[in-house]
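Data block below; observations after.
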Amino acid sequence: MLIACMGASVNAQDIAVHAYVDARLVAAPDTPSWTQGGVGKTRYGSGDDGLQFGGAAVAVAWQATPSWLAFADVQFQTTDRHTLDVIESYFRYRPVSTTPWRASVKLGVFMPPVSLENDAVGWTSPWTLTPSAINSWVGEELRAKGVQGQLEWRGERQTWEMSGALFKGNDPTGTLLADRGWSVSDLTYGLGSTLRVPDAYARVFGDPDHTRYHPFQEIDGRWSWYGNLAWQAPGVGRVQLMRYDNRADPAAHTVYEGSADVFAWHTAFWSFGARADTGAVTWIVQAMDGNTRIDPAPGFGVETRFRSAFLLAGWNRGAWRPALRVEHFSTAKRINGSTTGRGESGNAVTAALNWRPREWLRITGEVLRVIGDRSELKALGLPTHVNATQAQLSARLLY
110 MLIACMGASV NAQDIAVHAY VDARLVAAPD TPSWTQGGVG KTRYGSGDDG
160 LQFGGAAVAV AWQATPSWLA FADVQFQTTD RHTLDVIESY FRYRPVSTTP
210 WRASVKLGVF MPPVSLENDA VGWTSPWTLT PSAINSWVGE ELRAKGVQGQ
260 LEWRGERQTW EMSGALFKGN DPTGTLLADR GWSVSDLTYG LGSTLRVPDA
310 YARVFGDPDH TRYHPFQEID GRWSWYGNLA WQAPGVGRVQ LMRYDNRADP
360 AAHTVYEGSA DVFAWHTAFW SFGARADTGA VTWIVQAMDG NTRIDPAPGF
410 GVETRFRSAF LLAGWNRGAW RPALRVEHFS TAKRINGSTT GRGESGNAVT
460 AALNWRPREW LRITGEVLRV IGDRSELKAL GLPTHVNATQ AQLSARLLY
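Quick note: the working numbering has the sequence shown finishing at residue 508, numbered continuously throughout.
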């Protein structure tokens, strides 16, 4: 039996409200998920078979004046913890322009412009239930609390966008990639959220099981930045290139939840994305290449190189809309600049079929297959090979 999820869309003058509630049937892998303290790659793990609450979100946009917009996106989920999180909350000032040039400023908490995949309510994907590894990590550990400026040039056939941001509150970014590796999960975390470190890694550092940390905190007082350049043309597609650097002091740390030390990971990466429509098929490709580093003791530095890329193809017409995504992800660890042979390498394939019999109803069946190896798990007494399949059947009402 499937409990339908729920959504609402209300437009009253200058206020737009969108919401959803999701419920699903799950056939989960046998290994413990990372949300259970394990090292599994998927949202669900051992013991999660059956009916699950997929989550709920409400997004409100208020166009206060032709130039001023206020936006907030709030999400509720119970898979990890029962939490009500603010995903984004910001003001945008964009004066009316009568020329090809248009400028805007955004102030508050917002997602860096990485994803071309997650553009639906609650920072979800309209193509699949589970986003790519890249956008899974963005939803887990990446957020900007600060100010973004953007300049657009709007031609008759194309538009150029250049944006940049200064922000704080993202110093622990990279913790999960180093300790857990990549995940393929649709859990998005917001302000006030805490993320669980795999129990096996917590024990290595003398911390208790169930150790958690706040991903969106400021530790060293430094400003972070990103810059993004994008081009798009109606009927053709969009291409964008982004550079991100949180400029964290890799030796800085603070105490969180008892005796656990939370370090400021110096994380920097390049992100590339492109989207194109060829008739009834939409193509999305994204790639990310970066590294994250901490210096937990004088003369001792640990760096994790991370890479991932995916290609998604989705049918964009009619009530039945299938989508297929293939991706690769990897990490490689270095200590004091020397390779260690530790890291991970894996692939994932996601096949989804979306059915929209009504505008307010979306039924999605999805199968996710993840195969890979994480060599450093051997030293922790855990299996190094990953071979997991997660199947879901979801209902989402949208009004």
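Think of the CB as a built atom: it goes at the ideal place given N, C-alpha and C, for glycine as much as any other residue.
Could you pull out every residue in the same chain whose Cβ sits closer than 6 Å to the Cβ of residue i, ignoring the five residues on either side in sequence?
{"i": "SER234", "result": "GLU226, ASN227 and PRO240"}
{"i": "GLU485", "result": "ARG451"}
{"i": "ALA125", "result": "ALA170"}
{"i": "VAL465", "result": "Reading the sequence as shown, one finds Arg at residue 465 and not Val. If we look at ARG465 and ignore the five residues flanking it on each side, its Cβ neighbours are ALA428 and ARG471."}
{"i": "THR387", "result": "none"}
{"i": "ALA457", "result": "VAL293, GLU436 and VAL479"}
{"i": "ARG414", "result": "ASN400 and ALA441"}
Would you list the one or two residues that DSSP bridges to residue i?
{"i": "PRO431", "result": "LEU462"}
{"i": "TRP340", "result": "TRP269 and VAL348"}
{"i": "PHE409", "result": "ALA406"}
{"i": "GLU436", "result": "PHE419 and ALA457"}
{"i": "THR498", "result": "ARG478"}
{"i": "GLY399", "result": "PHE378 and PHE415"}
{"i": "LEU304", "result": "TYR322"}
{"i": "LYS442", "result": "THR413"}
Just to confirm, is the Cβ distance from residue i to residue j under 7 Å?
{"i": "THR237", "j": "ALA428", "result": "no"}
{"i": "THR297", "j": "ILE196", "result": "yes"}
{"i": "LEU193", "j": "PHE185", "result": "yes"}
{"i": "ALA497", "j": "VAL479", "result": "yes"}
{"i": "TRP340", "j": "TRP232", "result": "no"}
{"i": "ARG402", "j": "HIS362", "result": "no"}
{"i": "ASP189", "j": "THR144", "result": "yes"}
{"i": "ALA509", "j": "GLY163", "result": "The structure shown does not extend to residue 509, since the chain is modelled only from 110 to 508, so the question has no answer here."}
{"i": "ALA396", "j": "ALA377", "result": "no"}
For the ligand ZN, is there a heavy atom less than 6 Å away from the beta-carbon of residue i?
{"i": "GLY382", "result": "As far as ligands go, the structure on display features none, and thus does not contain the ligand ZN."}
If you drop the 5 nearest sequence neighbours on each side, which residues of the same chain put their C-beta closer than 8 Å to that of residue i?
{"i": "ASP288", "result": "VAL306, PRO307 and TYR310"}
{"i": "VAL390", "result": "ALA422, GLY423, TRP424 and ASN425"}
{"i": "ARG487", "result": "In the sequence as displayed, the identity of residue 487 is Lys instead of Arg. If we look at LYS487 and ignore the five residues flanking it on each side, its Cβ neighbours are THR493."}
{"i": "PRO209", "result": "TRP262, ARG263 and GLY264"}
If you drop the 5 nearest sequence neighbours on each side, which residues of the same chain put their C-beta closer than 7 Å to that of residue i?
{"i": "LEU491", "result": "VAL148 and ALA309"}
{"i": "ASP404", "result": "PRO359, ALA360 and GLY410"}
{"i": "ILE393", "result": "LEU225, GLU226, ARG384 and LEU421"}
{"i": "TYR365", "result": "TYR322, HIS323 and VAL371"}
{"i": "VAL205", "result": "PRO175 and SER176"}
{"i": "GLY481", "result": "GLU453, SER454, GLY455, ASN456 and VAL495"}
Stretch-stretch touch, CB-based, cutoff 8 Å, three pairs: the stretch 255-269 with the stretch 149-165:
no
To test your reading of the DSSP string, which unbroken beta strand (DSSP E) runs of 3 or more residues are found completely within the stretch 366-393?
369-372 and 375-387
Does the pairing of the stretch 299-314 with the stretch 199-209 give three or more beta-carbon distances under 8 Å?
no
Could you check whether the stretch 324-333 touches the stretch 342-352, counting it as contact only if at least three pairs of C-beta atoms, one from each stretch, sit closer than 8 Å?
no
Extract the residue ranges of the alpha helix (DSSP H) inside the stretch 273-297, only unbroken runs of 4 or more that lie entirely within it.
284-288
For the stretch 127-190, which segments carrying the beta strand (DSSP E) assignment without a break, of at least 3 residues, lie completely within its bounds, in sequence order?
159-172 and 177-186
Unbroken alpha helix (DSSP H) runs of length 4 or more, entirely within the stretch 189-273: which are they?
242-250
Within 8 Å, do at least three Cβ pairs link the stretch 438-449 to the stretch 206-225?
no
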